[in-house]
Amino acid sequence: MEFSYITDPQTLKAEIEKLKEAPFLYLDIETTTHEDFTKTKIRLVQFGDDKHTLVVDLFECPLCAEILKEFLPQKAWVGHNLKFDIKNLYYHYGIEPVTTFDTYIASVLLGNERNSLQAVVEKYLGEFLDKTEQLSNWGASRLTSNQLEYAAKDVEILRKLFPILLKELNAQTTQRKAFLLKTRVAEIFGLDNPIAIVEMAMVKEMGKLEANGFTVDVETLKDMLKKLKLELQRSQINFVTQYGKVDIFSPKQVAQFLTKRLGLKLPSTKRGNVATDDKSLAEYIDKPAVAEIVRIRKLKKVYDKIRELVGHIKENGRVYPEFKQIGAKTGRMSASEPNVQNIPRDLRKIFKAPEGKKLIVADFSQIELRIASEYVNEEKMIEAFQKGEDMHVVTASLVLGKNREEITKEERQLAKAMNYGLIYGISPKGLMEYAKFGYGVDLSLEESKDLVKRFFKAFPRFYEWHKSLRETLREKGKVEGETLLGRKYVAETFQDAANYPIQGTGADLLKLAVDIFSYQAEQWGFGVKIVNLVHDEIVCEVPQEQAEEVAQLLKESMEYAGNLILKKVPVEAEVKVSQVWEK
Numbered sequence: 010m011e012f013s014y015i016t017d018p019q020t021l022k023a024e025i026e027k028l029k030e031a032p033f034l035y036l037d038i039e040t041t042t043h044e045d046f047t048k049t050k051i052r053l054v055q056f057g058d059d060k061h062t063l064v065v066d067l068f069e070c071p072l073c074a075e076i077l078k079e080f081l082p083q084k085a086w087v088g089h090n091l092k093f094d095i096k097n098l099y100y101h102y103g104i105e106p107v108t109t110f111d112t113y114i115a116s117v118l119l120g121n122e123r124n125s126l127q128a129v130v131e132k133y134l135g136e137f138l139d140k141t142e143q144l145s146n147w148g149a150s151r152l153t154s155n156q157l158e159y160a161a162k163d164v165e166i167l168r169k170l171f172p173i174l175l176k177e178l179n180a181q182t183t184q185r186k187a188f189l190l191k192t193r194v195a196e197i198f199g200l201d202n203p204i205a206i207v208e209m210a211m212v213k214e215m216g217k218l219e220a221n222g223f224t225v226d227v228e229t230l231k232d233m234l235k236k237l238k239l240e241l242q243r244s245q246i247n248f249v250t251q252y253g254k255v256d257i258f259s260p261k262q263v264a265q266f267l268t269k270r271l272g273l274k275l276p277s278t279k280r281g282n283v284a285t286d287d288k289s290l291a292e293y294i295d296k297p298a299v300a301e302i303v304r305i306r307k308l309k310k311v312y313d314k315i316r317e318l319v320g321h322i323k324e325n326g327r328v329y330p331e332f333k334q335i336g337a338k339t340g341r342m343s344a345s346e347p348n349v350q351n352i353p354r355d356l357r358k359i360f361k362a363p364e365g366k367k368l369i370v371a372d373f374s375q376i377e378l379r380i381a382s383e384y385v386n387e388e389k390m391i392e393a394f395q396k397g398e399d400m401h402v403v404t405a406s407l408v409l410g411k412n413r414e415e416i417t418k419e420e421r422q423l424a425k426a427m428n429y430g431l432i433y434g435i436s437p438k439g440l441m442e443y444a445k446f447g448y449g450v451d452l453s454l455e456e457s458k459d460l461v462k463r464f465f466k467a468f469p470r471f472y473e474w475h476k477s478l479r480e481t482l483r484e485k486g487k488v489e490g491e492t493l494l495g496r497k498y499v500a501e502t503f504q505d506a507a508n509y510p511i512q513g514t515g516a517d518l519l520k521l522a523v524d525i526f527s528y529q530a531e532q533w534g535f536g537v538k539i540v541n542l543v544h545d546e547i548v549c550e551v552p553q554e555q556a557e558e559v560a561q562l563l564k565e566s567m568e569y570a571g572n573l574i575l576k577k578v579p580v581e582a583e584v585k586v587s588q589v590w591e592k
């Protein structure tokens, strides 16, 4: 295997001349550790085109980094799990690609269960890839010939994998989208699969998102932690004083206390144990002991979340979560270490913009309802959205048979529960619980049953859609379909069959919006850092003086993306400029 091992700037300059005409590069890096990317050092950057492979040693040639800073951002990159390479190169050197094609993401989109480079090579090339050297000492003063060959081999492997995976992705295309065929991803790599185009462009954004991190108000957070700890201890002591020794965080002890001491009749779990989760206790929430158990548990959840955040704060006051680009079958992302997608609303304010910066918080308004109404072609909903009416008031009016101006706040809350629950086909009992827990509205089971009937009478297309899903499941045991952008899914339960196309289209839409916004912000020269993404929400950090312009650009990008996917229903984004993360 031929490659050039580069340890001086002159050789690097001469070698990259050979790559000047390449439309894209195959690229990989080796770092001294995989533990903490903010402290790791990049040892090797290996890249090449269809003929040449360069292995650049940044320990032997620190000046080579300056040449790479100029050259690599001019090219698109092909890699495996490129998010890792981009995160490191962007964080340490400010290097990012024009756009990306990731063989890991390609493998996920093709429905493979194993997606490591080793597994992908075995499946598509029929070769065994030896990864032993991956764990070798990349911080050594001199690298061995085995280490260098291992690094160069990754470029060679990418060279072989890329055309195969590209062909497989294009073969899966069922609906071409003209607006996506003009993108850099489509033109540079020859990709025409709409979901693959959006996902590949997103890889670059994911790498930068992880490198950016999110600033936390450390003092406020630590202060909250102390206060919550005291409040938890005090509450537990008071509970024990009043009711005797009960460990509130032991389901078994809580079950014994509630059934034997209080004589409550509670449902059973699938394993036959007494169910003591908040939903099961909802019926008895008016009893002081039950209300206190639920309250203390909530306190504990918030306390645990704050502790998790405190444990991940770096010296610079930022947390650096890991995001999984395709974290669910719907295409939704997930986050971990820490999970910044499930921060309770009243805790969000502890995330802030650093000095001289502002946060822009933008979210799609009622996006799941908008998508659902177009997906099933529910005319009354589509018409209400087209007229810019309040969909929850419209639903309350139709279902309750009242004039819109007569609808109360509580009735609007009830309509919210119906809209967001019944489009997914939840049962009357499910609606009763969802209305209580999600929206603070009390319903009897009989009232709930009546509301379900009235809702589907008002919006018959949802009833017909749910009926057809159940029939397909009975006949075939599964439902196969696509989101509005063409993401394929297979659902084996009714709940999934109703969820996947709506939440999947939402995921496609968010990613498309991020791709469009990032490209536009780049073109306009704005100093934007995307710091968090939550299902229908984009959070950015920008210089104070650019905040209003960037907020407008973000709103326009999100609405433009929405109107590319939804043809009948207008999409609206709500944007707020703030010092802290809040809506």
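First residue of the sequence shown? That's 10 in our numbering, and the numbers climb one at a time after it.
In this text, a Cβ means the ideal position worked out from N, Cα and C, and glycines have one as well.
Asked	Found
What runs of the beta strand (DSSP E), each 3 residues or longer, lie entirely inside the stretch 315-359?	331-333, 343-345
My output table needs one value for P437: the three-state DSSP class, helix, strand or coil.	helix
Would you identify the three-state DSSP class for F663, choosing helix, strand or coil?	Shown here, the chain extends from 10 to 592; a query on residue 663 therefore has no answer.
How many Å lie between G449 and V319 at the Cα?	32 angstroms
Leaving out five residues on either side along the sequence, give the residues of the same chain with a beta carbon under 8 angstroms from the beta carbon of A426.	L440, Y443, A444, G447, Y448, V450
Would you call the CB atoms of F56 and L36 closer than 8 angstroms?	yes
Pull up the DSSP beta-bridge partners for L36, would you.	F56
What does the alpha-carbon distance come out to for the pair A161 and I525?	34 angstroms
Can at least three beta-carbon pairs, one atom from the stretch 387-404 and one from the stretch 557-574, be found at a separation below 8 angstroms?	no
What did DSSP end up calling S150 once you bin it into helix, strand or coil?	coil
Report the residue ranges of all alpha helix (DSSP H) runs contained in full by the stretch 363-391; include only those spanning at least 4 residues, in chain order.	376-385
In terms of residues, what are the limits of the beta strand (DSSP E) holding I547?	546-552
By alpha-carbon positions, which one of Y312, A500, S457, D295 ends up nearest to E240?	Y312
Going by alpha carbons, who is nearest to T348 out of H321, A500, A337?	Checking the sequence shown, residue 348 turns out to be Asn, not Thr. Measuring from the Cα of N348, the nearest candidate turns out to be H321.
Take L118 as the anchor and find which of L34, A337, A500, E383 has the nearest alpha-carbon.	A337
Alpha carbons only, please: which of E165, V194, Q184 is nearest the one belonging to L175?	V194
Measure the C-alpha to C-alpha separation of Y133 and E383 and round it to an integer number of angstroms.	39 angstroms
Could you tell me whether the stretch 81-96 touches the stretch 17-36, using the rule of 3 or more Cβ pairs below 8 angstroms?	yes
Which of the three DSSP states is assigned to F503 in this structure?	helix
May I have the straight-line CA-CA distance separating L190 from V402, to the nearest angstrom?	40 angstroms
Does the distance from the CB of K78 to the CB of G103 come in under 8 angstroms?	yes
Can you tell me which residues form a DSSP beta bridge with A195?	Answer by DSSP bridge pairing: none, since A195 is not bridged.
Report back the beta-carbon spacing between V543 and I369 to the nearest angstrom; my notes put them in contact at under 8 angstroms.	No, V543 and I369 are not in contact; Cβ-Cβ is about 14 angstroms, not under 8 angstroms.
Taking the Cβ atom as the reference point for each residue, do I204 and D517 lie within a distance shorter than 8 angstroms?	yes
Distance, Cα to Cα, F80 vs A23?	12 angstroms
Pull up the distance between the alpha-carbon of I416 and that of A405, whole angstroms please.	7 angstroms
Going straight from the alpha carbon of I376 to that of N124, what length do you get?	31 angstroms
Would you report the Cα separation of I432 and V54, rounded to the nearest angstrom?	50 angstroms
Which residues in the same chain as L230 place their Cβ atom closer than 7 angstroms to its Cβ, once the five residues preceding and following it in sequence are excluded?	I315, L318, V319, I359
Enumerate in chain order the residues of its own chain whose CB-to-CB distance from V593 is below 8 angstroms, with the five nearest sequence positions on each side excluded.	Because the chain is modelled from 10 through 592, residue 593 falls outside the range shown and cannot be assessed.
Would you kindly report the start and end of the unbroken beta strand (DSSP E) that includes V263?	Here V263 belongs to no beta strand (DSSP E); instead the alpha helix (DSSP H) covers 260-265.
Three-state secondary structure (DSSP) at G281?	coil
State the start and end residues of the unbroken beta strand (DSSP E) segment that holds N541.	538-543
Compare the beta carbon distance of P18 and C70 with 8 angstroms and say whether it is the shorter of the two.	yes
Determine the DSSP secondary structure at G490, reduced to helix, strand or coil.	strand
Which same chain residues, not among the five before or five after A381, have their C-beta less than 6 angstroms away from its C-beta?	I432, I511
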